[in-house]
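Asks: My structure is below; once you've seen it, I'll send some questions.
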Amino acid sequence: MTLYEAILAELADAIESSISDQSIQIDSAIFETPPNATLGDIAFPCFSLAKSLKKNPVQIARDITNAIHEKTSPLIARTEAKGAYVNFFLSAKTVASKTLAVTLFDPLHEIKKKKRTPIVLEYVSPNTNKPLHLGHVRNAFLGDSIARLLECTGTKVHKTCLVNDRGIHICKSMVAYQHGIKGTGLKGQGMPTPKTENKKGDHFVGEYYVRFETMAKKDPAMQDAAAECLKKWEANDTRTRILWKKMNAWVLKGFDNTFKELGISFDKTYYESAIYNQGRDLIHAAFKKGIFKKDETGAVIAPLEQYKLPDKVLLRKDGTSIYITQDIYLAYTRAKDFNNSPTLYVVGSEQDTYFNQLFQILKIMGFEGAQNLVHVSYGMVNLPEGRMKSREGTVVDADDLIEELKGMAYEILDAREEKLSKKEREKRTHTIALAALKYYILEVNSSSDMIFNPKESISFHGRTGPYILYTYARLKSILRKSHAKEELLKKQKNSHYSWTAEKNLLLLLAQFSFIVEHAAHGHNPAAVAKYLYQVAKTTNEYYHENPVLNASPNDRNARLALVAATAQTLRKGLSLLGISVLEKM
RNA sequence: GCGCCCGUAGUUCAACGGAUAGAAUGUCAGGCUUCGAACCUGAAGAUAGGGGUUCGAUUCCCUUCGGGCGCACCA
Numbered sequence: 026m027t028l029y030e031a032i033l034a035e036l037a038d039a040i041e042s043s044i045s046d047q048s049i050q051i052d053s054a055i056f057e058t059p060p061n062a063t064l065g066d067i068a069f070p071c072f073s074l075a076k077s078l079k080k081n082p083v084q085i086a087r088d089i090t091n092a093i094h095e096k097t098s099p100l101i102a103r104t105e106a107k108g109a110y111v112n113f114f115l116s117a118k119t120v121a122s123k124t125l126a127v128t129l130f131d132p133l134h135e136i137k138k139k140k141r142t143p144i145v146l147e148y149v150s151p152n153t154n155k156p157l158h159l160g161h162v163r164n165a166f167l168g169d170s171i172a173r174l175l176e177c178t179g180t181k182v183h184k185t186c187l188v189n190d191r192g193i194h195i196c197k198s199m200v201a202y203q204h205g206i207k208g209t210g211l212k213g214q215g216m217p218t219p220k221t222e223n224k225k226g227d228h229f230v231g232e233y234y235v236r237f238e239t240m241a242k243k244d245p246a247m248q249d250a251a252a253e254c255l256k257k258w259e260a261n262d263t264r265t266r267i268l269w270k271k272m273n274a275w276v277l278k279g280f281d282n283t284f285k286e287l288g289i290s291f292d293k294t295y296y297e298s299a300i301y302n303q304g305r306d307l308i309h310a311a312f313k314k315g316i317f318k319k320d321e322t323g324a325v326i327a328p329l330e331q332y333k334l335p336d337k338v339l340l341r342k343d344g345t346s347i348y349i350t351q352d353i354y355l356a357y358t359r360a361k362d363f364n365n366s367p368t369l370y371v372v373g374s375e376q377d378t379y380f381n382q383l384f385q386i387l388k389i390m391g392f393e394g395a396q397n398l399v400h401v402s403y404g405m406v407n408l409p410e411g412r413m414k415s416r417e418g419t420v421v422d423a424d425d426l427i428e429e430l431k432g433m434a435y436e437i438l439d440a441r442e443e444k445l446s447k448k449e450r451e452k453r454t455h456t457i458a459l460a461a462l463k464y465y466i467l468e469v470n471s472s473s474d475m476i477f478n479p480k481e482s483i484s485f486h487g488r489t490g491p492y493i494l495y496t497y498a499r500l501k502s503i504l505r506k507s508h509a510k511e512e513l514l515k516k517q518k519n520s521h522y523s524w525t526a527e528k529n530l531l532l533l534l535a536q537f538s539f540i541v542e543h544a545a546h547g548h549n550p551a552a553v554a555k556y557l558y559q560v561a562k563t564t565n566e567y568y569h570e571n572p573v574l575n576a577s578p579n580d581r582n583a584r585l586a587l588v589a590a591t592a593q594t595l596r597k598g599l600s601l602l603g604i605s606v607l608e609k610m
């Protein structure tokens, strides 16, 4: 049980003991936060009791309020009935001692003690023909944050990536690269490389992909050349394979750099080229059992009409495999690799139908873990003018975006008096830039589409990552100037907090583990992001009004403890979003 | 055509079926001799239209209009 749940449970007990019908159980989930802090700290709506008690909910609220008094629980300072609501005003002192006892030490201690089943996560899964773009960035941040959330609840997460490193799209880059150059040796002496062009490998290859598209518009033979290249690749043609390997290596090296910049890592990477051909036996076996059918052309299909899904082709009429063939195979492989752990696929919502098909097919094939596969579907990132289209050059490149944000952070840092070492300046610009981007993306509910306006969207003011970083840095600054010992602050948990300003912040801090657990369970980093903004905003309001260092000695220590607890919560919460903090900024 | 998703301040985002629909940004008006102004205070500003269900609807159902995404022997 988290701290906040314990508080709610205590209120639920108080309500239960105040009503005559002892058989009624109060579910703590129905407590609410009043729309306005002046109404109370926690609200209990009485509508649900109206039926069982056969009374007007307004009257019930009045009765409960009359029956609860200060002796009922040390947590409750007073109660007020307002309409059908019982509004609880909590004792600041009790909330403070409960909250600080937890947050000053380890805010998430309670929830990480539970033993939970390990989980496999698949995310990002890029193609190796062009650089990563904003869509991949959303995917990467979501997957990474979901992994962090699950990990902090005590769940072991195996982060996996499926690299789509073969197919016609890669062949297009290869064809464009070779175009017009005949007779070069196997090692490609004299050909441009990322090194000779001084370009990141994925950008280098991506340019050839773009070049292919422009050339193909004028010369239809290019498409045939790409198809020919794919055939050769599948036939294991040496020259083709060597070039493919070389270009893939460039791209993957580029990806590594970008992932490193983004702070993303994987435990295991699967390559499509290594598995794409291996699902056929599974399909054949299932076909023999009569689970799948052949259509009139001879292709193997999964009939899914009874599940209200479109039928799905599993093997081409020539017997070769397609994308889903390997995904089926991968499900079995991964189950073996990770001991049948439940699997989360973090993939865009445009593939909702595809994953319904995949999971249904695995189910009818009798795949053991089929019930434990979840498509974590996230919305598209659109531009103000619509969808990002690589052919029209409207994609937002991940590397460019990071550089632009770093530039903005640098300008602000540069405008300050403080002289920084090169290393420190780089650390700060990077941290601030990534905080802005991660917060901007994670703060939106993941299932929603979002619009990204490159010119206006990212700012460092208001509801942003840098705002929260800034709040943290100021808190740390206060703590530094106080010269207070940590041990001293930890003793402050029993201080007398009686001011409403502190209580707002304390109540928020009390909710931290509660919020985190729900966010982890719901695969929903946005809940944490929103919460952290609330904490930062409340903190700013608080120390703007209430001096800490210049307060009376008793208040000073109590307030310093609150500052320490808040900083701790912000740091921990940000880390769940993959955002690092700065002690100074 | 069939299926899924979405229409909330100028803009970008919130709101377990619950109290006066919240923020941010932009606009306007204020606040640095005061722990860091990447901050704080205040003002104006919104549920696409029409029906229903409910004590109560931004939320659920029907419908109209407007967007997006699927319905590949592409990956």
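Residues 26 to 610 (my numbering) make up the first sequence, in order. The beta carbon of each residue, even a glycine, is placed where N, CA and C say it ideally should be.
Report yes if the C-beta distance between S374 and M272 is below 8 Å; otherwise report no.
Replies: no
Asks: Could I get the ranges of all uninterrupted beta strand (DSSP E) runs contained in the region 101-183, with 3 residues as the minimum, in chain order?
Replies: Within the region 101-183, the runs of beta strand (DSSP E) at least 3 residues long that lie entirely inside it are, in chain order, 101-107, 110-115 and 144-147.
Asks: Can you pull the DSSP bridge partners for T368?
Replies: V145 and L398
Asks: What ranges does the alpha helix (DSSP H) occupy inside the region 411-495, keeping only unbroken runs of at least 4 residues that lie completely in it?
Replies: DSSP runs (the alpha helix (DSSP H)) wholly in the region 411-495: 423-439 and 447-467.
Asks: Give the DSSP-derived three-state secondary structure of E608 in the structure shown.
Replies: coil
Asks: Are A583 and Q517 closer than 8 Å when you measure CB to CB?
Replies: yes
Asks: Please name the residue or residues paired with A327 in a DSSP beta bridge.
Replies: K337
Asks: Would you check if there are 3 or more beta carbon pairs closer than 8 Å linking the region 239-250 to the region 278-296?
Replies: no
Asks: Check whether the region 219-226 and the region 177-188 touch, using three or more Cβ-Cβ pairs below 8 Å as the test.
Replies: no
Asks: For the beta strand (DSSP E) that contains K293, what are its first and last residues?
Replies: For K293, the enclosing beta strand (DSSP E) begins and ends at K293 to Y296.
Asks: Which residue comes first and which comes last in the beta strand (DSSP E) that contains I51?
Replies: Element bounds for I51: n/a, residue is neither H nor E.
Asks: Tell me which residues share the same chain as S520 and place their Cβ nearer than 6 Å to its Cβ, disregarding the 5 neighbours each side in the sequence.
Replies: Cβ neighbours of S520 within its own chain (closer than 6 Å, five residues either side excluded): A583.
Asks: CB L607 to CB Y567, shorter than 8 Å?
Replies: No, these two residues do not count as a Cβ contact at 8 Å.
Asks: What first and last residue would you give for the alpha helix (DSSP H) that runs through I347?
Replies: It is not in any alpha helix (DSSP H) - I347 carries neither H nor E in the DSSP assignment.
Asks: Taking 7 Å as the line, does the beta carbon of K285 fall inside it for any heavy atom of the ligand MN?
Replies: In the structure on display, the ligand MN does not appear, and there are no ligands present to speak of.
Asks: Buried or exposed for F130, going by 16 or more other Cβ atoms inside 10 Å?
Replies: Within 10 angstroms of the beta-carbon of F130 lie fewer than 16 other beta-carbons, which makes it exposed.
Asks: Using a Cβ-Cβ cutoff of less than 7 Å, which residues in the same chain neighbour F280 once the five nearest sequence positions on both sides are dropped?
Replies: Excluding residues within five positions, the ones whose Cβ falls inside 7 Å are P151, L157 and D227.
Asks: Using 8 Å for Cβ pairs, my map puts P409 next to N478. What's the rounded Cβ distance?
Replies: 5 Å
Asks: At which residues does the beta strand (DSSP E) containing A68 begin and terminate?
Replies: I67 to P70
Asks: Just how far apart, CA to CA, sit L100 and L369?
Replies: 40 Å
Asks: Anyone know if the C-beta pair for A86 and C71 falls short of 8 Å?
Replies: yes
Asks: Hey, how far is the Cα of I195 from the Cα of E512?
Replies: 59 Å
Asks: Are the region 437-450 and the region 468-477 touching, with three or more C-beta to C-beta distances below 8 Å?
Replies: With a cut-off of 8 Å, the region 468-477 and the region 437-450 do not count as touching, because too few Cβ pairs lie within range.
Asks: Secondary structure at N189, three-state DSSP: helix, strand or coil?
Replies: strand
Asks: Using beta-carbon positions only, say whether Y295 and L355 come within less than 8 Å of one another.
Replies: yes
Asks: Mind checking who L408 pairs with in its DSSP beta bridge?
Replies: G411
Asks: Strictly by DSSP, which residues pair up with G603?
Replies: According to DSSP, G603 bridges with nothing at all.
Asks: Please report how far the alpha carbon of S298 lies from the alpha carbon of D190, in whole angstroms.
Replies: 6 Å
Asks: Would you kindly check if the distance between the Cβ of K510 and the Cβ of L602 is under 8 Å?
Replies: Taking 8 Å as the Cβ cut-off, L602 and K510 do not qualify as a contacting pair.
Asks: Between which two residues does the alpha helix (DSSP H) holding T283 run?
Replies: Its alpha helix (DSSP H) spans residues T263 to L287.
Asks: Here's the rule I'm using: 16 or more other beta-carbon atoms within 10 Å means buried, otherwise exposed. How should T122 be labelled?
Replies: The residue you asked about is not Thr; residue 122 is Ser in the sequence shown. It is buried - the Cβ of S122 has at least 16 other Cβ atoms within 10 Å.
Asks: Can you list, in chain order, the residues of its chain whose CB lies under 8 Å from that of A592, leaving out five sequence neighbours each side?
Replies: Y497, L500, K501 and L504
Asks: So what does G373 bridge to, in DSSP terms?
Replies: Y403
Asks: Keeping to the same chain, check which residues put their C-beta closer than 7 Å to that of K597; ignore five residues upstream and five downstream.
Replies: P132 and L133
Asks: Label D292 either buried or exposed according to how many other C-beta atoms from any shown protein chain fall within 10 Å of its C-beta, with 16 as the threshold for buried.
Replies: Exposed, by the Cβ-count rule.
Asks: Decide if the region 418-434 is in contact with the region 453-461; the criterion is three or more beta carbon pairs, one per stretch, under 8 Å apart.
Replies: Taking one beta carbon from each stretch, the region 418-434 and the region 453-461 have 3 or more pairs nearer than 8 Å; the two touch.
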